[in-house]
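Chains L and Y, in that order, are what the protein sequence lines are.
FYI, the numbering for the first sequence is 13 to 108, going by my numbering.
FYI, the numbering for the second sequence is 169 to 366, going by my numbering.
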Amino acid sequence: MAKPLVELLYNAFCIEEVPPIRRLARQYGFPLREYNIWDLDPDDQVLPHHIRGKIRRVRSGEEGFFAGACFIDGEEVDWWQGFEKPFAAASEKADG
Amino acid sequence: MTGGRASRSLSPPPVRKPMAEIRPISRADLEQGMKGPGVLCLGSLPRSKWSDDPDLRDLQELRQRLYLGLVDKVGTCGLVAFDDDGVVGFVTFMPKATARRLGFYSLPGDDKLESTLVVACIHVTPTKRGAGIGSTLIQSVKDWAADHGYSVVEAIGEGQPQYGWHASAPFLACGFEVVRDQWHGSWCGQVMKCTTRT
Numbered sequence: 013m014a015k016p017l018v019e020l021l022y023n024a025f026c027i028e029e030v031p032p033i034r035r036l037a038r039q040y041g042f043p044l045r046e047y048n049i050w051d052l053d054p055d056d057q058v059l060p061h062h063i064r065g066k067i068r069r070v071r072s073g074e075e076g077f078f079a080g081a082c083f084i085d086g087e088e089v090d091w092w093q094g095f096e097k098p099f100a101a102a103s104e105k106a107d108g
Numbered sequence: 169m170t171g172g173r174a175s176r177s178l179s180p181p182p183v184r185k186p187m188a189e190i191r192p193i194s195r196a197d198l199e200q201g202m203k204g205p206g207v208l209c210l211g212s213l214p215r216s217k218w219s220d221d222p223d224l225r226d227l228q229e230l231r232q233r234l235y236l237g238l239v240d241k242v243g244t245c246g247l248v249a250f251d252d253d254g255v256v257g258f259v260t261f262m263p264k265a266t267a268r269r270l271g272f273y274s275l276p277g278d279d280k281l282e283s284t285l286v287v288a289c290i291h292v293t294p295t296k297r298g299a300g301i302g303s304t305l306i307q308s309v310k311d312w313a314a315d316h317g318y319s320v321v322e323a324i325g326e327g328q329p330q331y332g333w334h335a336s337a338p339f340l341a342c343g344f345e346v347v348r349d350q351w352h353g354s355w356c357g358q359v360m361k362c363t364t365r366t
């Protein structure tokens with residue numbers, strides 16, 4: 013089974029959680045794509061649908077505080093609950 | 169009777185040293201660094217303090233660039249409080265239009281984007297808490313905002329200690345009101361705002 017894809021959308025003012033996610037992606041061998049929200053246009057059709065949707069929601073003020081967002085295979089991980097468990101779960105799922 | 173009056177007039181009023189001086193963060197602060205127990209994340213801004221961790225270094229450069237961009241655009245990116253020990257606290261802020269682009273919390277609605285200031289972070293070093301430094305910083309933000317044409321200040325805080333984010337209480341004591349509770353996954357913050365004296 014293919015390795016889960018990790019996508020990290022970050023706010024460069026809140027960078028503390030980024031290195032742990034990078035390390036976890038390396039540890040599990042998951043491919044990682046990173047997006048700096050400052051540089052992005054939510055109308056850019058090249059971006060995945062869930063990334064565009066997230067940018068729109070946080071920029072509208074509907075989602076409030078945005079430190080960053082981590083998606084594993086398109087599913088958002090709860091930023092405030094740590095990343096170890098979701099990565100481990102994704103790994104188990106991928107290993108079947 | 170007159171003697172008592174004279175003695176009162178001869179006694180100088182007690183001089184109370186201010187708890188901390190407040191001033192805007194400058195480009196030099198960001199490039200050369202600041203010293204003091206309350207410098208926290210601002211302490212890692214100058215290039216000389218960047219981590220050797222390759223997973224962090226590129227991000228530190230990005231963050232530095234964003235802070236310097238704010239200084240160039242609006243004159244500063246926040247205020248620092250300092251006393252004889254150096255920096256003992258700080259508050260960072262940005263125009264709401266910038267906060268929106270970064271995805272920082274801000275209240276919905278596109279009115280007053282240019283005339284609203286968003287508080288990003290406030291911190292007072294633990295050993296200096298309880299002396300009113302946080303309240304002074306918040307009041308100073310309101311004054312700075314008014315002086316620079318911002319009619320509204322928005323902030324977010326924790327109503328109950330949960331994640332270690334700054335508390336709502338000092339903002340409420342300085343005239344902010346809670347507009348709504350905002351859930352972010354498992355974390356809930358209180359979004360607040362106040363008008364300035366403009």
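Virtual Cβ for every residue (Gly too), placed ideally from N, Cα, C.
Check: Valine 256 of chain Y and proline 205 of chain Y look like a contact to me (Cβ under 8 Å); what is the Cβ gap, rounded to whole Å?; Outcome: 6 Å
Check: Are the CB atoms of alanine 249 of chain Y and threonine 304 of chain Y nearer to each other than 8 Å?; Outcome: yes
Check: DSSP state of tyrosine 40 of chain L, grouped into three classes?; Outcome: helix
Check: Per the DSSP calculation, tyrosine 22 of chain L is bridged to which residue(s)?; Outcome: L:Asn48, L:Gly80
Check: Can you tell me which of the three DSSP states alanine 102 of chain L falls into?; Outcome: helix
Check: So, for alanine 313 of chain Y: in the same chain, excluding its five sequence neighbours on each side, which residues have a beta-carbon less than 6 Å away from its beta-carbon?; Outcome: Leu285, Val321, Thr364
Check: Beta-carbon within less than 6 Å of arginine 233 of chain Y's beta-carbon, same chain only, minus the 5 sequence neighbours each way: which residues are those?; Outcome: none
Check: Taking only three categories from DSSP, how would you classify glycine 172 of chain Y?; Outcome: For glycine 172 of chain Y, the predicted structure reports a pLDDT of 41, less than 50, and the residue's modelled location is therefore unreliable. The matter cannot be settled from this model.
Check: I need the straight-line Cα distance from proline 329 of chain Y to cysteine 356 of chain Y, nearest angstrom please.; Outcome: 10 Å
Check: Who are the neighbours of glycine 73 of chain L on chain Y, taking C-beta pairs under 8 Å?; Outcome: Arg268, Tyr273, Ser274, Leu275, Pro276, Gly277
Check: Skipping 5 residues on each side, what residues in its chain have a beta carbon closer than 6 Å to that of glutamine 228 of chain Y?; Outcome: Trp218
Check: Does any C-beta atom of chain L lie closer than 8 Å to the C-beta of histidine 352 of chain Y?; Outcome: yes
Check: Compute the Euclidean distance between the alpha carbons of glycine 211 of chain Y and aspartate 107 of chain L, then round it to the nearest angstrom.; Outcome: 43 Å
Check: I want to verify the contact list: residues of chain L whose CB lies under 7 Å from the CB of valine 231 of chain Y, in sequence order.; Outcome: Valine is not the amino acid found at residue 231 of chain Y; the sequence shown has arginine there. Correct list: Ala24, Phe25, Ile27.
Check: Taking only beta carbons into account, state which residues of the region 314–325 of chain Y come closer than 8 Å to chain L, listed in chain order.; Outcome: Ile324
Check: Label aspartate 240 of chain Y either buried or exposed according to how many other C-beta atoms from any shown protein chain fall within 10 Å of its C-beta, with 16 as the threshold for buried.; Outcome: exposed
Check: Distance cutoff 8 Å, beta carbons only. Does proline 60 of chain L sit that close to anything in chain Y?; Outcome: no
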